[in-house]
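Trainee: Right, I'll just put the structure down here and ask away after.
There are 2 protein chains.
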Amino acid sequence: MNPTQQSLVDEVRSRIGERAVIADPAEIEPWLTDWRGRWHGRASAILQPSSTPQVAMVIALARQLGVPLVPQGGNTSMVGGATPPDDGSALILSLRRMNRVRAIDRAAMRTDVEAGVILHNLHEAVAAEGLRFPLTLGAKGSATIGGLVSTNAGGTQVLRFGPMRALVEGVEAVLPDGTVHDGLCGLKKDNRGYSIDQLLIGAEGTLGVITAARLKLVPAIHSRAVAWLGLSSTQAALETLYALQAQTDRVEGFEVLPDESLHAVLGHVSGTRSPLPGRHAWHALVEVVAENAEQESPTDLLARLLEALVAKGIVTDAVISSSEAQAEAFWRIRDSLSEAERATFGPATQHDISVPISDMPRFMSDAAEAIEAAFPGTHVSGFGHLGDGNIHFHVRAGERRSEDWLAREGPVVTEMVHDLVTAAGGSISAEHGIGVMKREELERLCPDRVRALRAIKAALDPTGLFNPGKLV
Amino acid sequence: MNPTQQSLVDEVRSRIGERAVIADPAEIEPWLTDWRGRWHGRASAILQPSSTPQVAMVIALARQLGVPLVPQGGNTSMVGGATPPDDGSALILSLRRMNRVRAIDRAAMRTDVEAGVILHNLHEAVAAEGLRFPLTLGAKGSATIGGLVSTNAGGTQVLRFGPMRALVEGVEAVLPDGTVHDGLCGLKKDNRGYSIDQLLIGAEGTLGVITAARLKLVPAIHSRAVAWLGLSSTQAALETLYALQAQTDRVEGFEVLPDESLHAVLGHVSGTRSPLPGRHAWHALVEVVAENAEQESPTDLLARLLEALVAKGIVTDAVISSSEAQAEAFWRIRDSLSEAERATFGPATQHDISVPISDMPRFMSDAAEAIEAAFPGTHVSGFGHLGDGNIHFHVRAGERRSEDWLAREGPVVTEMVHDLVTAAGGSISAEHGIGVMKREELERLCPDRVRALRAIKAALDPTGLFNPGKLV
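This is how it looks when you write it as structure tokens:
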């Protein structure tokens, strides 16, 4: 620890108390590496205030002393967004002790939640009040609200209620100048210039440290049904989704996967079995819910709508879950995909991309063809949130597989995927953000945009106090 | 016209054509004054490109020559947001020729609209497709989409679908560096850093010139019913609103007014009559809609819910419109309020303020008491969008009335109102924005916020090219 960092740590200890500092290297260690083990940083202390005034105090001190801070929640970033720089110049500012659900307002259907609350815990807290926070994702047992807001998180249930941005009514944050921005004041209408709330959502902790958020809640689920569909193509899948959405607003999930991915799961994950007999080029998982007993049951609704789509030849075959256990079994196949793909097919470059929804089927086939032609022997696999125009686009090494394929050829493959996405008017980061991983690619492909982002960053955080090296 | 402005005008004429410039003072005149006649500016030309590339070209030229531009749509700002500076240093950039509804996507329920499209025309265009754009306001016959997005406009129908920000899916704009930001690309998920779209919404044309927007549409109204309620207090009005919202999500309007305001309308506007017999301290207008014939009819729904509220003593008396003509008659009372108040009670300082919704009843009575005590003889009147926590808070001169009351005492009264609002955690601009009118007050009351806004402005528009003198 350099003397300046030591001064900061001493000040924080004396003003807030022993518990506000972790300096034991063994305790710090797990927080220096991102959760996929790709980025390793150094930080000689973790500061962990437990209230907004304490966060403001830590930030004011860090600012005076010129010590950069890396805000961290559950450390579940997929792009190295919460890993400290490897030169040890920054300390980690953990929000994990700010873990209170401050209030749940049943009438207004919203909750005020501190940044360190783990998503799964929020789900349980609002469920106890008969309500639901709809956003969910694989890392829900670790990911915290502050990080989810800071990255405008997505997940498997974005279709109906949108990503985090659509669920945030206000943000409380400490800005680089040490002031507290209070966006939880409950104003439905406020036109006092640029929205600081909106600027902080998705800013990856580079403009302010989010300490709490006011989040929308929705009615609890009364019942749900999950259908598994066999389809001839992604175009058929998209037509199916549009047809369902035209008839009901209760479609909460729509995920697609190719046949070989299904079979990778069946081969790799014990206890799984194919939901449908026979083979289909593509599969889709559809979830429909009801909020009360007066609504047509999800099972009846799905049966009615899917019957018509099978009759029209848009859906080849379909089965609807007959129990909650079967619904879970269908979702388990989807949730095991990444792991099964990796185990079955070996290394692959992975891309979290989006294009306009209606263009996705054509993009998937055209881009796959182009990549496989440019890198003979590779194989492209796309799966995921078709209904959001967001596919996880994997390029497997295939016949080119070697010990160092990912390191050697991965970056070139990724560049080409990103070029194709950009040419299609898409985004090289649909839900994971930019972090460390995509910073150079963003600058290469969107230089105008990066210039604007950098100008904003320099304006609000001129000394680079927050999350150095990320995003901009 | 100074030589630099003349060069810009000549260049625009030669590159885009004669129609792109208005230089006749008589034609310019109406656009130099805001629509309430409070601010007068000077500008020796109006530039009016008709496409996004033309806007980009005009802005690139203006930037090279250092001529500031005042973006203007329908010029309906309530705060002088579109009036040029009075030193003649800027030219007006009118977006009115960009008046195409580019596309209406019925399946996706959205539309791409150019900045110069007048709100009323958009309503008609989407109605022809069986859809509806829900935002509406008094100036709908003049206000344009670019201005409505740039000011995050509100209005009388915000309750259900939110203000403009909630209805914008993407923004196309020319930034000060001359680049075109294309937020209409149709990406549902895009996490490439700070949201430029969100930064431009409500920025009052100071960060970019909006050329088009992608807007959400909702189903057309199949039927509606409007009820007029007599109430004992604003607290009773709020309880009524909460009770209705707990039972249905189809409440689209909820406006309150005091008895004397109703009687001002009845006395001033011919053909109006009191919807209810007897006197009530407060009145509320409630609109409920249905999107299809399968839903319980709005009349039945309102009758059922209001009957219960009358039985509980929350609502004193109520009448439901028995025809569309009667529904219109109820709304006409509401829409005539400002005019009738002015004609009946003379000058008043007017404040477009918001506080947390649940605090509004107490704020209205406490603030009225404080103002009337500080300025004996004045009388406070509040009316409007209670359901949004947004009231138009008028302080009438009353016994202090004199020729120059507004000019003499108005600013002091306004300061006190704004102090009370700020102390209550509210906003001094709920829906009208800051413009010229509230700039000094915003700086007085929210200096931290103004510092952040100025930093962003300086970062993105360092030479002050766009809308000089507004907001920051």
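As they're listed, the protein sequences go chains Y and X.
Going by my numbering, the first sequence opens with residue 117, and the numbers climb by one from there.
Going by my numbering, the second sequence opens with residue 117, and the numbers climb by one from there.
Note that CB positions come from ideal geometry on N, CA and C, so glycine has one too.
To the nearest angstrom, how far is the alpha carbon of Y/D203 from that of Y/R154?
Mentor: 16 Å
Trainee: Just the C-alpha distance for X/E403 and X/V233, rounded to the nearest angstrom, thanks.
Mentor: 27 Å
Trainee: Beta-carbon of Y/I312 versus every beta-carbon of chain X: anything under 8 Å?
Mentor: yes
Trainee: Using a beta-carbon distance cut-off of less than 8 Å, what residues from the segment 502-521 of chain Y approach chain X?
Mentor: D504, G505, N506
Trainee: Could you tell me whether the segment 297-309 of chain Y touches the segment 536-550 of chain X, using the rule of 3 or more Cβ pairs below 8 Å?
Mentor: Pairwise C-beta distances place the segment 297-309 of chain Y in contact with the segment 536-550 of chain X, as three or more of them are shorter than 8 Å.
Trainee: By how many angstroms is the C-alpha of X/E143 removed from the C-alpha of X/Q466?
Mentor: 31 Å
Trainee: For X/L421, which residues from the same chain have a beta carbon less than 8 Å from its beta carbon, with the 5 sequence-adjacent residues on both sides left out?
Mentor: A359, L360, Q363, T364
Trainee: From the DSSP output, in three-state form, read off Y/T327 for me.
Mentor: In the structure shown, Y/T327 falls within a strand segment according to DSSP collapsed to helix, strand and coil.
Trainee: With a threshold of 16 other CB atoms inside 10 Å of the CB of Y/H297, please say whether the residue is buried or exposed.
Mentor: buried
Trainee: How is Y/H338 classed by DSSP in three states: helix, strand or coil?
Mentor: coil
Trainee: Kindly indicate which residue of X/A459, X/V385, X/E455, X/T432 has the alpha-carbon position closest to the one of X/A397.
Mentor: X/T432
Trainee: Check distances from the C-beta atoms of the segment 538-558 of chain Y to those of chain X and list, in chain order, the residues that come in under 9 Å.
Mentor: G541, G542, S543, I544, S545, A546, E547, H548, G549, I550, K554, L558
Trainee: With a threshold of 16 other CB atoms inside 10 Å of the CB of Y/A424, please say whether the residue is buried or exposed.
Mentor: exposed
Trainee: Counting contacts by CB-CB distance shorter than 8 Å, is Y/P279 in contact with chain X?
Mentor: yes
Trainee: By alpha-carbon positions, which one of Y/L401, Y/L378, Y/H384, Y/S386 ends up nearest to Y/G394?
Mentor: Y/L378
Trainee: Looking at the unbroken beta strand (DSSP E) that takes in X/R458, where does it start and where does it end?
Mentor: From DSSP, X/R458 is part of no beta strand (DSSP E) but of the alpha helix (DSSP H) over 453-461.
Trainee: Distance cutoff 8 Å, beta carbons only. Does Y/S470 sit that close to anything in chain X?
Mentor: yes
Trainee: When you compare the CB of X/G369 with every CB in chain Y, is at least one pair closer than 8 Å?
Mentor: no
Trainee: Please report how far the alpha carbon of X/G493 lies from the alpha carbon of X/V381, in whole angstroms.
Mentor: 22 Å
Trainee: Assign X/P578 to buried or exposed, taking buried as 16 or more other Cβ atoms, counted over all protein chains shown, within 10 Å of its Cβ.
Mentor: exposed
Trainee: Do the segment 565-585 of chain Y and the segment 152-170 of chain X make contact, defined as three or more Cβ pairs closer than 8 Å?
Mentor: No, because fewer than three Cβ pairs between the segment 565-585 of chain Y and the segment 152-170 of chain X fall closer than 8 Å, the two stretches do not touch.
Trainee: When you compare the CB positions of X/A328 and X/R218, do they come within less than 8 Å of one another, or not?
Mentor: At a Cβ-Cβ threshold of 8 Å, X/A328 and X/R218 count as neighbours.
Trainee: Using DSSP with H/G/I as helix, E/B as strand and the rest coil, what is Y/L251?
Mentor: coil
Trainee: Using alpha carbons as the reference points, say which of Y/R222, Y/Q273, Y/V325, Y/G246 lies closest to Y/I261.
Mentor: For Y/I261, the nearest C-alpha among the options comes from Y/V325.
Trainee: Spell out the partners DSSP gives X/R512 in its beta bridges.
Mentor: X/A464, X/H495
Trainee: So that I know if they touch, is there some Cβ in chain Y lying closer than 8 Å to that of X/D306?
Mentor: yes
Trainee: Measure from the alpha carbon of Y/G278 to the alpha carbon of each residue in Y/N506, Y/P374, Y/I572, then state which is nearest.
Mentor: Y/N506
Trainee: Pull up the distance between the alpha-carbon of X/Q442 and that of X/P141, whole angstroms please.
Mentor: 45 Å
Trainee: How is the beta strand (DSSP E) around X/T433 delimited, first residue to last?
Mentor: Reading off the sequence, residue 433 of chain X comes out as Asp, not Thr. According to the DSSP assignment, X/D433 belongs to the beta strand (DSSP E) that extends over 433-436.
Trainee: Can you tell me which residues form a DSSP beta bridge with Y/E371?
Mentor: Y/L401
Trainee: Of the residues X/A486, X/R450, X/G190, X/A523, which one's Cα is nearest the Cα of X/V265?
Mentor: X/G190
Trainee: Around the C-beta of Y/V284, are 16 or more other C-beta atoms found within 10 angstroms, so that it is buried, or is it exposed?
Mentor: buried
Trainee: Helix, strand or coil: which one does DSSP assign to X/V137?
Mentor: strand
Trainee: Classify X/A243 as buried or exposed, calling it buried when 16 or more other Cβ atoms lie within 10 Å of its own Cβ.
Mentor: exposed
Trainee: Please classify Y/V385: does DSSP put it in a helix, a strand, or coil?
Mentor: Reduced to three states, the DSSP call for Y/V385 is coil.
Trainee: Between Y/L207 and Y/L163, which are expected to be in contact by the criterion C-beta below 8 Å, what is the C-beta distance as a whole number of angstroms?
Mentor: 6 Å
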